[in-house]
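Visitor: Questions regarding the structure given below will be posed in turn.
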Amino acid sequence: MKLFVFLFVFLIFISQSCEENKTRYPLNKKKDVFLKSSAHRNKALYSSEEFLIKKAAKLDSLNKYHISDAGFLYAKIKSTNKNFPLPEKGERVQFKYQIEDLDKNIIYSYKELGIVEYLIDQENLLPALREGIRLMRPMEIAVFLFPSYLCYSYQGDGIKIDRNQPLRFTIERTSIKN
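Following this line, the structure appears as structure tokens:
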């Protein structure tokens, strides 16, 4: 009797293992819908910020803005000799900066933020500042119009900067040290 039960279970197991594998589809399709709606929302946010940044650049007739590879606009207020090299990885640079909204209202002044020393591409720094400093030679002053994803993104700073707020940075690079 035990042998019969064993053979019966064995045959059922063998017959089940010979069936074709069936494709398993996800049970929760809400995640896919969330990702698509999130991508749509981010594209709309980016295009509205891009419009605001271009509008601010157009209103600032004193400066001629250029577009960077990272998608922000910048204008050099004070340029130096082109013989000075752009910073390279591992170089220590010193700079000061202020943060404004796109209407040129100061949010954080030079005095509040102080002088910053930064080791290029080796220290943690706001992405906007990392990208901006790479475009500056010693003793230059530049204005940058950054989209929110390079600044404080969807959180803001919790004090003065709102969430998803594009910002204007004025950066003055003071020196370079190896």
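Using the numbering used here, the first residue of the sequence shown is number 8, and each one after it goes up by one. Yeah, the Cβ is synthetic: ideal placement off N, Cα and C, and Gly gets one too. Just so it is clear, the structure is predicted and the values come from calculations on it, not from any experiment.
In the DSSP assignment, the beta strand (DSSP E) including K167 goes from what residue to what residue?
Guide: Element bounds for K167: n/a, residue is neither H nor E.
Visitor: Within its chain, find whatever has a CB closer than 8 Å to the CB of A135; leave out the 5 residues flanking it on each side and keep chain order.
Guide: F79, F151, F153, L157, C158, L174, F176
Visitor: Can you pull the DSSP bridge partners for I148?
Guide: K85, E179
Visitor: Measure from the alpha carbon of Y161 to the alpha carbon of each residue in L52, S116, I127, then state which is nearest.
Guide: L52
Visitor: Whole angstroms is fine: what's the gap from P92's alpha carbon to R31's?
Guide: 57 Å
Visitor: Any idea if N28 is buried or exposed, counting beta-carbon neighbours within 10 angstroms, 16 or more meaning buried?
Guide: exposed
Visitor: When you compare only the Cα positions, how much space is there between Q101 and L66?
Guide: 30 Å
Visitor: How many whole angstroms separate the CB atoms of I178 and I114, which I take to be in contact at a CB cut-off of 8 Å?
Guide: With 8 Å as the limit, I178 and I114 do not qualify as a contact, their Cβ atoms being about 14 Å apart.
Visitor: Classify A64: buried if its beta carbon has 16 or more other beta carbons within 10 angstroms, exposed otherwise.
Guide: buried
Visitor: Indicate whether the contact test is met: 3 or more Cβ pairs, each with one atom in the region 124 to 132 and one in the region 104 to 113, closer than 8 Å.
Guide: no
Visitor: Sort out for me which residues DSSP pairs E124 with in a bridge.
Guide: Q101
Visitor: Rounded to the nearest angstrom, what separates R144 and E57 at their Cα positions?
Guide: 26 Å
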